[in-house]
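Position in the sequence shown (from 1) plus 7 gives the number in this note's numbering.
Using N, Cα and C, we set each Cβ at its ideal position, and we do this for glycine too.
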Amino acid sequence: MLTSVIIGIYYRFSGGRQRTAAEYFSANNSMGVVPLSIAMMASHISAISMLGMSGETYIRGMFVSLMYCSGIFIVPIIAFCYLPVFFEIKVVSIYEYLEKRFGLYVRLLVSAANFTETMLLTGVMLYAPSLALEATTGLSSIMSILVLATICTFYSTIGGIKAVLVTDIFQGLLMIVALSTIIIIVAMDIDGGISGIWSIAFEGNRLDFSSVSLDPTVQYTWWSIMIGGALINTSFLAVNQVQVQRLMTVKNVKVATGALLLCGPFITLVGFLTCFTGLALYAFYRDCDPVASEKINTYDKIVPFFTAQRLPPGLVGLIVSGIFSASLSTISAMMNSLAAVALEDYVKPLHRKFGMDFSDKKATFLAKALTVLNGVICLFLALLAKTMGRIVAVAFSIHGSIGGPILGIFTLGMLCESANEIGTIIGMVTALIVCFWTAFGQPKPPVPELPVLIEGCANSSALILAKQMKLNSTVEPDSSSYFYLYRISYLWYNPMGLTITLVVGYTASFIVRLIQRRNIIEHDPSLFMPFVASRIRRRRQDEQKTTNSQLFVLESSHI
Numbered sequence: 008m009l010t011s012v013i014i015g016i017y018y019r020f021s022g023g024r025q026r027t028a029a030e031y032f033s034a035n036n037s038m039g040v041v042p043l044s045i046a047m048m049a050s051h052i053s054a055i056s057m058l059g060m061s062g063e064t065y066i067r068g069m070f071v072s073l074m075y076c077s078g079i080f081i082v083p084i085i086a087f088c089y090l091p092v093f094f095e096i097k098v099v100s101i102y103e104y105l106e107k108r109f110g111l112y113v114r115l116l117v118s119a120a121n122f123t124e125t126m127l128l129t130g131v132m133l134y135a136p137s138l139a140l141e142a143t144t145g146l147s148s149i150m151s152i153l154v155l156a157t158i159c160t161f162y163s164t165i166g167g168i169k170a171v172l173v174t175d176i177f178q179g180l181l182m183i184v185a186l187s188t189i190i191i192i193v194a195m196d197i198d199g200g201i202s203g204i205w206s207i208a209f210e211g212n213r214l215d216f217s218s219v220s221l222d223p224t225v226q227y228t229w230w231s232i233m234i235g236g237a238l239i240n241t242s243f244l245a246v247n248q249v250q251v252q253r254l255m256t257v258k259n260v261k262v263a264t265g266a267l268l269l270c271g272p273f274i275t276l277v278g279f280l281t282c283f284t285g286l287a288l289y290a291f292y293r294d295c296d297p298v299a300s301e302k303i304n305t306y307d308k309i310v311p312f313f314t315a316q317r318l319p320p321g322l323v324g325l326i327v328s329g330i331f332s333a334s335l336s337t338i339s340a341m342m343n344s345l346a347a348v349a350l351e352d353y354v355k356p357l358h359r360k361f362g363m364d365f366s367d368k369k370a371t372f373l374a375k376a377l378t379v380l381n382g383v384i385c386l387f388l389a390l391l392a393k394t395m396g397r398i399v400a401v402a403f404s405i406h407g408s409i410g411g412p413i414l415g416i417f418t419l420g421m422l423c424e425s426a427n428e429i430g431t432i433i434g435m436v437t438a439l440i441v442c443f444w445t446a447f448g449q450p451k452p453p454v455p456e457l458p459v460l461i462e463g464c465a466n467s468s469a470l471i472l473a474k475q476m477k478l479n480s481t482v483e484p485d486s487s488s489y490f491y492l493y494r495i496s497y498l499w500y501n502p503m504g505l506t507i508t509l510v511v512g513y514t515a516s517f518i519v520r521l522i523q524r525r526n527i528i529e530h531d532p533s534l535f536m537p538f539v540a541s542r543i544r545r546r547r548q549d550e551q552k553t554t555n556s557q558l559f560v561l562e563s564s565h566i
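Okay, here's the thing in C-alpha cells:
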C-alpha cells in the first residue's frame, strides 16, 4: 500500500503533473502494450476473485474456472468490433458515443446506470479485503475499509490514470506471487504435491465438468458458464468505462488491440490460479472443513483463514498484500473512471448550459475533487456490503443486472441502423426492471454445495452430533417451491439483460418509426462496428452513383 502511495506522489510531481484533464484521464496516450495488458488484468481480477472465487471453487468445484477461459475467445470480438468505434470518435466518457448515436437522454440514462453499478461494485470490492485483514490481524473490518478507501482515493486523486495504471502493474504481479505462494505451500504439505491436490479434488467430486443442463435454475452448467461468462467478460472489457478509458491511454487502435489481445491470456492465467488456490485449500482441509467446524462463517474467508493459521508472519504479510493489491487495482480504476464520467456527462454539460467558463485547470481540479467524493461514497457502500451475503453472488448480480442492459444498448447502437432513441430507452428500462427483479427479489433458494468432511477435526464427534441435530430440527423447502425468476442462476442475468434490451429495443424502435412515419436517420458510419460501417459506406456510394447516373441521363435528355 505504501508503494501505491509513492507511485501516486511520483506521478503528481513528475511529467505534466496532470495540468490538463486529458493527462489526468488518458495519460497523454503514453502507455505501452504489455504494461497496459497487465494493468487491465489487475483491474479485472479483484479481491472478489481472489477471495470469492477461491471460496466458490472450494465448495462447488473447478467448474467455475471455465468462466475465465471464455476471455480468450471473446477478446478478438471486442478488439475488432467494439474497440475501433471508440477510437474513431475519440471519447473520454464512452457515453459520449451514445449521445452521438441516439441522443442526450440515452447517454444520461446509461451513464447513470453505469455510475450506480460501479459505485455498488466498488463498495463490495472495498469490503472483500477487510475479511482478510480481520482474519489475519484481528483489526475490525470497518477500520480496514477506512484505511483501504483512504489510500486508494489518495493515489487515484493526486496521480491520475497514469499512477493508477503503473500501480496496477505492481499490484497485478503481487497478486500472482501471493496466489502462487499459497499453492506451493499447500503442495509441499500434501503427499504427491500438485498431483496430490488433483487426486484429492477428484475424490471430492471437485473436478466434475459433466453438467450440460439447459435449465437456467442450475447454478453452474456448460451453457451458463460459457455463455454467461463470455458476456460478463464482454460487458466488462468492451463497454465499461473503466477498461475503455485504459485502452484510450495508448497512441492508436493498433496498440490498444495488441494490449487487449494480450490481456485475455493474462486474465485466464490469473483466474485459473485463483480457482486452483481454492482447490488446493480444499485438499488441505479435506478432513476438517473450517466452515462446517464453525471456525469461520463463510467460504469467502477460506484464503485469509489459511493464511493466518498456517503461514509464518512474513508470508502472511505477502498474502494479505496480494489480496489488498487485488482490491486497490480495481477500486482505483473505478474511482478514476467515475470521476471521468461525472465530469464529462454532468459537470461539463451543466457549465455549457449556463455559459460558465470551464478551463483545463478547473476541469483537472474538479476531476480530483470528484475522485475524493466518490471515495467517500464508496466507503459508506462498503459498510453496507457486509450485509449482502456471498461476495461472488453479490458482485455478479450487480454486474449482470446492470451490465447486461448496458451491453445491449451499445451492441444495438453499433449493429442496428434502425434503432432510435425512444425505442432504445424502452428496451433498456424494460431490461433493468426484469433483471433487478430477478437478481434482488426475495426469498431466494439456497445454492447446493458439494459435501465436506469434519471427521478429521479434534472435536469431530461433537460436531457431527451438532450437525445431525441441526438437520433434524431444520426442514429446507424444496427449491421448486420458490418463484421461478428467483431461482435463475446469476450467470444468466447478463445474457438476460442483453437479450431483452436487443429484442425490446429493436421492436420498440420499429413501432416508434411506424407511428412517427419517419425514415431511418442517416448516421456517421464511424458510429457502427467496422463491418456494418463498411456496408453503410458501400450502400451510400452505390446510392450516390445511382443518383449521379440519373442526373446525367436527365441532363443528356435536355441537350
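query	result
Where the alpha helix (DSSP H) through Q226 begins and ends	Premise fails: Q226 is in no alpha helix (DSSP H) and is neither H nor E.
Residues near G430 by beta carbon distance below 6 Å, same chain, minus five either side	G512, A515, S516 and V519
Among M233, T144 and Y104, nearest to I326 - alpha-carbon criterion	T144
The ligand MN heavy atom lying under 8 Å from the CB of Q252	The model on display carries no ligand, and the ligand MN is accordingly not part of it.
For M421, three-class secondary structure by DSSP	helix
Cβ pair R253, L105 closer than 9 Å	no
Residue span of the alpha helix (DSSP H) that contains L111, given as start and end	L111 to T144
Three-state class that DSSP yields for S218 in the structure shown	coil
Environment of S487 [buried if 16+ CB atoms lie within 10 Å]	exposed
The stretch 295 to 302 in contact with the stretch 193 to 212 per 3-pair CB rule at 8 Å	no
Nonlocal neighbours in the same chain, by C-beta distance under 8 Å from T553, ignoring five residues either side	none
Cutoff 9 Å: S137 Cβ touching any chain C Cβ	This model lacks chain C altogether; it includes just one protein chain.
At least 3 beta-carbon pairs within less than 8 Å: the stretch 524 to 533 vs the stretch 428 to 446	no
P458, DSSP secondary structure in three states	coil
Closest Cα partner of A400 within the set C76, Y500 and A142	Y500
Rounded Cβ spacing between V219 and W229 (contact assumed at less than 8 Å)	5 Å
Spatial neighbours of E456 in its chain, beta-carbon cut-off 8 Å, leaving aside the 5 residues before and after	I66 and R67
C-alpha distance - E550 paired with I495, whole-angstrom precision	49 Å
Three-state secondary structure assigned by DSSP to R525	coil
Where the alpha helix (DSSP H) through P356 begins and ends	K355 to K360
Best match in L186, L288, L276 and Y112 for proximity to D196 [C-alpha to C-alpha]	L288
Where V92 falls, given that 16 or more other Cβ within 10 Å makes a residue buried	buried
Inter-residue Cα distance where the pair is T269 and A349	In the sequence as presented, Thr is not what sits at residue 269; that position holds Leu. Approximately 30 Å, taken between the alpha carbons.
Any 3 or more C-beta pairs closer than 8 Å across the stretch 120 to 136 and the stretch 278 to 292	no
Rounded Cβ spacing between I330 and L58 (contact assumed at less than 8 Å)	7 Å
R545 - DSSP class collapsed to helix/strand/coil	helix
For L244, three-class secondary structure by DSSP	helix
For G411, the three-state DSSP class (helix, strand or coil)	helix
Three or more C-beta pairs below 8 Å linking the stretch 447 to 454 and the stretch 527 to 536	no
Cβ-Cβ distance between A185 and S328 below 9 Å	yes
Length-filtered (4 minimum) alpha helix (DSSP H) runs lying within the stretch 36 to 71	40 to 51 and 61 to 67
Inter-stretch contact at 8 Å, needing at least 3 Cβ pairs: the stretch 503 to 510 / the stretch 404 to 415	yes
First through last residue of the alpha helix (DSSP H) which encompasses K107	Y102 to R108
Span of the alpha helix (DSSP H) around C270	V260 to F291
Y306 versus A139 - alpha carbon distance	12 Å
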